[in-house]
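> Protein chains in written order, with the working numbering: chain W, 19 to 285; chain Z, 19 to 285. I have a structure here, written as C-alpha cells, and I will follow up with some questions on it.
Number of protein chains: 2
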Amino acid sequence: MPIFVPLKSTLIWISSTLPMSMIKPIPVPVKNPHLDWICFDLDDTLWAVEPVIDRANSRMFDWLASHVPGAAERYSVTDWPRLRDGVRERFPATAHSVTALRQTVLDELMAALGHQGEQAVAWSQAAFEAFRVARNEVELFAPVENMLTTLQQAGYRLGVFSNGNADLQQIGIGRYFEVVLNADMVGAAKPEAAAFSALVQACGSEPRRMVYVGDHPHYDVAGANAAGLFSLWFNPEGAAWPAGQQRPSLEVACLSEIAAALALLQP
Amino acid sequence: MPIFVPLKSTLIWISSTLPMSMIKPIPVPVKNPHLDWICFDLDDTLWAVEPVIDRANSRMFDWLASHVPGAAERYSVTDWPRLRDGVRERFPATAHSVTALRQTVLDELMAALGHQGEQAVAWSQAAFEAFRVARNEVELFAPVENMLTTLQQAGYRLGVFSNGNADLQQIGIGRYFEVVLNADMVGAAKPEAAAFSALVQACGSEPRRMVYVGDHPHYDVAGANAAGLFSLWFNPEGAAWPAGQQRPSLEVACLSEIAAALALLQP
Numbered sequence: 019m020p021i022f023v024p025l026k027s028t029l030i031w032i033s034s035t036l037p038m039s040m041i042k043p044i045p046v047p048v049k050n051p052h053l054d055w056i057c058f059d060l061d062d063t064l065w066a067v068e069p070v071i072d073r074a075n076s077r078m079f080d081w082l083a084s085h086v087p088g089a090a091e092r093y094s095v096t097d098w099p100r101l102r103d104g105v106r107e108r109f110p111a112t113a114h115s116v117t118a119l120r121q122t123v124l125d126e127l128m129a130a131l132g133h134q135g136e137q138a139v140a141w142s143q144a145a146f147e148a149f150r151v152a153r154n155e156v157e158l159f160a161p162v163e164n165m166l167t168t169l170q171q172a173g174y175r176l177g178v179f180s181n182g183n184a185d186l187q188q189i190g191i192g193r194y195f196e197v198v199l200n201a202d203m204v205g206a207a208k209p210e211a212a213a214f215s216a217l218v219q220a221c222g223s224e225p226r227r228m229v230y231v232g233d234h235p236h237y238d239v240a241g242a243n244a245a246g247l248f249s250l251w252f253n254p255e256g257a258a259w260p261a262g263q264q265r266p267s268l269e270v271a272c273l274s275e276i277a278a279a280l281a282l283l284q285p
Numbered sequence: 019m020p021i022f023v024p025l026k027s028t029l030i031w032i033s034s035t036l037p038m039s040m041i042k043p044i045p046v047p048v049k050n051p052h053l054d055w056i057c058f059d060l061d062d063t064l065w066a067v068e069p070v071i072d073r074a075n076s077r078m079f080d081w082l083a084s085h086v087p088g089a090a091e092r093y094s095v096t097d098w099p100r101l102r103d104g105v106r107e108r109f110p111a112t113a114h115s116v117t118a119l120r121q122t123v124l125d126e127l128m129a130a131l132g133h134q135g136e137q138a139v140a141w142s143q144a145a146f147e148a149f150r151v152a153r154n155e156v157e158l159f160a161p162v163e164n165m166l167t168t169l170q171q172a173g174y175r176l177g178v179f180s181n182g183n184a185d186l187q188q189i190g191i192g193r194y195f196e197v198v199l200n201a202d203m204v205g206a207a208k209p210e211a212a213a214f215s216a217l218v219q220a221c222g223s224e225p226r227r228m229v230y231v232g233d234h235p236h237y238d239v240a241g242a243n244a245a246g247l248f249s250l251w252f253n254p255e256g257a258a259w260p261a262g263q264q265r266p267s268l269e270v271a272c273l274s275e276i277a278a279a280l281a282l283l284q285p
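As C-alpha cells, then:
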C-alpha cells in the first residue's frame with residue numbers, strides 16, 4: 019500500500035488595487051501524472067436525490083391512481099416504503115437492482131388489485147416509465163458542469179458507477195463520461211469489491227491510477243478504499259468522518275475544489 | 019474609498035500517513051476585525067429558486083382549479099408569466115414587491131372569472147397561501163447551515179436582505195439571523211441604494227464594516243458596491259465576471275469557502 023507524506027499546498031489568491039478588490043482562487047486544472055481516471059457516484063454527489071425520488075414516487079402513484087382500476091382506493095405514495103421493503107426482503111437475489119425491485123413491487127401491486135396478463139404488464143411498465151421520467155428530472159449541483167469540464171481539460175478520463183438508475187443522457191451530462199456503469203449492469207452494488215473491479219476493468223486501467231468520488235463514507239469511500247482505488251469524499255455539510263472507518267484519500271466540501279485536490283494527491 | 023493591497027494566503031492541508039491519506043482544508047473560523055455584519059441574499063444564494071417557484075406556481079394553479087368555479091377551464095400554470103408581466107407593467111409603483119404583484123394577479127383573475135366581494139378575496143388569499151407554503155419548501159444548498167454556524171462562531175453577526183418573499187422561520191434557518199429584511203418591508207428592491215441603506219440602518223452598523231453575499235452581479239454585487247458595502251460574489255458555476263462591471267470584493271465558488279475568504283479581506 020502506498021504511504022503518503024504530509025503535504026502543504028499554497029493556493030494563490032489574486033487581488034486588484036481597484037476600490038473593491040477581488041480575492042479569488044485561481045483555477046488549477048493541472049493533471050496529476052499518477053492518475054488517469056476520475057469516477058463518480060451520482061445520487062447526492064452530482065445532485066440531491068431525495069426530492070427527486072420523492073417526486074418520482076408521487077408521479078408513479080399518480081399514474082397508477084388515474085389509470086389502474088382500484089389503485090386509487092388501495093394505494094398511495096405513502097405505501098411505497100412498506101411495499102419496497104417487503105419486496106427487498108423476499109427477493110435478496112436482486113437486492114443490488116433498484117430497477118428490478120421497483121418492477122417487482124409494481125407486478126405484485128397489479129396482482130393484489132386482481133389485474134393480470136398483458137394488461138397488467140403494460141400498466142406496470144407505464145407506471146415505471148412515469149417514475150423513470152421524473153427520476154431523471156434532477157437539479158445538478160451548481161458546479162457540476164464546470165467541474166467536469168475542468169477535469170477533462172486537465173486530461174483526466176471520466177467515469178461513473180452508480181447503485182441507482184439515473185440516466186445521464188436524459189439528464190444531459192452523458193457526454194462527459196467515457197464509462198457509465200450501474201449496479202444493474204454489473205450485477206453487484208457498492209461497496210462490493212465486484213462493483214469496483216467491474217469499473218476498473220471497464221476503464222481498462224488499474225486501481226492505483228483511479229480516484230472514486232462520492233458522498234457516502236461506506237458505499238463510496240470504504241468500497242473504493244477496499245478495492246485499492248483512491249477515494250475522494252464529497253462532504254458538503256462538513257460532517258465528521260465516522261469513527262473507526264479508514265479515511266478517504268481526499269476530502270472536499272465543494273465539487274469545484276476537486277481538480278485542485280487531485281493535483282495534490284501523491285501516491 | 020479603501021485601497022486594497024495584493025494578498026497571498028496559505029491554506030494548510032493535512033495528510034495522514036495511513037494507507038489512504040486525507041487531504042482536507044482546515045476550517046479557519048477567524049473573524050476579520052474590520053468586519054461585523056455578513057448579510058445574505060436568499061434565492062439562488064442559499065437555495066436554488068427556480069424549481070421552488072415552478073412548483074409553488076403549480077400548487078397555486080392547482081388550488082385555483084379545484085376551488086374556484088371556471089378557473090380550471092380558463093387558467094393554467096402556463097398563463098403565469100403573461101399574467102405576471104401584464105400586472106408588472108400596469109403597476110410600476112409596486113414593482114419592488116413580488117407579493118403585491120402576485121396578489122394583484124390573483125385579484126384580476128377573480129374579476130376576469132366574474133367573482134367579487136368577500137368570496138373573491140377569500141379565494142385570492144387561499145390561493146396565495148397555497149403558493150406561500152410551497153415557496154418555503156426549499157432545499158438548502160448543502161453547506162448552508164455549517165457555513166452560518168461557522169460565521170457565527172467566528173463572531174460575525176448575520177443578516178438578510180431579499181427581493182423575494184421567502185420566510186426564513188418556515189424554512190427553518192431564521193435563528194441564525196439578527197436582521198431579516200425584504201423589498202416589501204423596505205419599499206425598495208436591490209440594487210437600489212435605498213435597499214442597502216435600510217439594511218445598514220437595521221444592522222446599526224456602517225457600510226465599511228459589512229459584507230453583502232449574493233449570486234447576482236447586478237442586484238447583489240453592483241448594488242452593494244454602490245452603497246459602499248463590501249461584496250462577496252457567490253459564483254458556483256465558475257461564470258466569467260460581466261465585462262465592464264466593477265468587481266466584487268471577494269468571490270467564492272462554494273459557500274463553505276466564505277469564512278476563509280472573509281478573513282482575507284483587508285480594507
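Glycine included, C-beta positions come from ideal geometry on N, C-alpha and C.
Just grab the DSSP bridge partners of Arg-175 (chain W) for me.
W:Trp-55
> Would you report the Cα separation of Pro-51 (chain W) and Arg-193 (chain W), rounded to the nearest angstrom?
Roughly 24 Å separates the two Cα atoms.
> Compare the C-beta of Cys-272 (chain Z) with all C-beta atoms of chain W and state if any pair is closer than 9 Å.
yes
> Taking all protein chains shown into account, do 16 or more other C-beta atoms lie within 10 angstroms of the C-beta of Ser-180 (chain Z), making it buried, or fewer, making it exposed?
Result: buried.
> In its own chain, which residues sit with a C-beta less than 6 Å from the C-beta of Asp-233 (chain W), not counting the 5 before and 5 after it?
Asp-62, Thr-63, Phe-252
> For Arg-227 (chain W), I'd like the list of residues in its chain whose CB is within less than 8 Å of its CB, leaving aside the five on either flank, ordered along the chain.
His-52, Leu-53, Asp-54, Trp-55
> Where do the ends of the alpha helix (DSSP H) carrying Val-198 (chain Z) lie?
Taken as a continuous stretch (DSSP letters only), Val-198 (chain Z) belongs to no alpha helix (DSSP H), being part of the beta strand (DSSP E) at 197 to 200.
> On the premise that Asn-183 (chain Z) lies in contact with Asn-164 (chain Z), defined as a C-beta separation below 8 Å, what is that separation, rounded to the nearest angstrom?
In fact, because the Cβ distance is near 26 Å, the residues do not count as touching under 8 Å.
> Tell me whether Ala-89 (chain W) is buried or exposed, calling it buried when 16 or more other Cβ atoms sit within 10 Å of its Cβ.
Ala-89 (chain W) should be labelled buried.
> Can you tell me whether DSSP reads Gly-104 (chain W) as helix, strand or coil?
helix
> Under the rule that 16 or more other beta-carbon atoms within 10 Å means buried, what is Arg-100 (chain W), buried or exposed?
Exposed, by the Cβ-count rule.
> Could you have a look at Leu-273 (chain W) and say whether DSSP puts it in helix, strand or coil?
helix
> Mind checking which residues open and close the alpha helix (DSSP H) that includes Phe-79 (chain Z)?
68 to 85
> Would you say Ala-66 (chain W) reaches chain Z, if we count a Cβ-Cβ gap shorter than 9 Å as a contact?
yes
> Measuring only the C-alpha atoms, how far is Gln-171 (chain Z) from Ile-189 (chain W)?
39 Å
> Could you tell me whether any Cβ in chain W is nearer than 9 Å to the Cβ of Glu-255 (chain Z)?
yes
> Output yes if chain Z places a C-beta closer than 9 Å to the C-beta of Phe-214 (chain W); else output no.
no
> Under 9 Å, Cβ to Cβ, is there at least one residue of chain W near Phe-109 (chain Z)?
At least 9 Å separates the CB of Phe-109 (chain Z) from every CB of chain W.
> Taking the beta carbon of Thr-96 (chain Z) as the centre, do at least 16 other beta carbons fall within 10 Å, making it buried, or is it exposed?
exposed
> Please report whether the beta-carbon of Asn-50 (chain W) lies at a distance below 9 Å from any beta-carbon of chain Z.
No, because no Cβ of chain Z sits closer than 9 Å to the Cβ of Asn-50 (chain W).
> Where do the ends of the alpha helix (DSSP H) carrying Phe-248 (chain Z) lie?
Unbroken run through Phe-248 (chain Z) is the beta strand (DSSP E), 248 to 252; no alpha helix (DSSP H).
> Apart from the five residues just before and just after Ser-27 (chain Z), which ones in its own chain have a Cβ nearer than 7 Å to its Cβ?
Per-residue confidence for Ser-27 (chain Z) stands at a pLDDT of 34, beneath the threshold of 50, marking its modelled position as unreliable; the derived number appears in the next sentence. Answer for Ser-27 (chain Z): Leu-282, listed in chain order.
> Any idea if Met-128 (chain Z) is buried or exposed, counting beta-carbon neighbours within 10 angstroms, 16 or more meaning buried?
buried
> Checking contacts by CB at 9 Å: is Phe-159 (chain W) closer than that to chain Z?
yes
> Within 9 Å of any Cβ in chain Z, is that where the Cβ of Thr-168 (chain W) sits?
yes
> Quick check: the Cα distance between Glu-91 (chain W) and Ala-83 (chain W), rounded to an integer number of angstroms?
8 Å
> Could you have a look at Leu-283 (chain W) and say whether DSSP puts it in helix, strand or coil?
Coil.
> Rounded to a whole number of angstroms, what is the C-alpha to C-alpha distance between Ala-279 (chain Z) and Ala-278 (chain W)?
17 Å
> Rounding to the nearest angstrom, what Cα-Cα distance links Pro-285 (chain Z) and Leu-247 (chain Z) in this structure?
Rounded to the nearest angstrom, the gap between the Cα atoms of Pro-285 (chain Z) and Leu-247 (chain Z) is 11 Å.
> Please report how far the alpha carbon of Ser-274 (chain W) lies from the alpha carbon of Ala-138 (chain W), in whole angstroms.
Their backbone Cα atoms lie some 47 Å apart in a straight line.
> Around the Cβ of Arg-286 (chain W), are there at least 16 other Cβ atoms within 10 angstroms (buried) or fewer (exposed)?
One cannot answer for residue 286 (chain W) here, as it falls past the ends of chain W, which runs 19 to 285.
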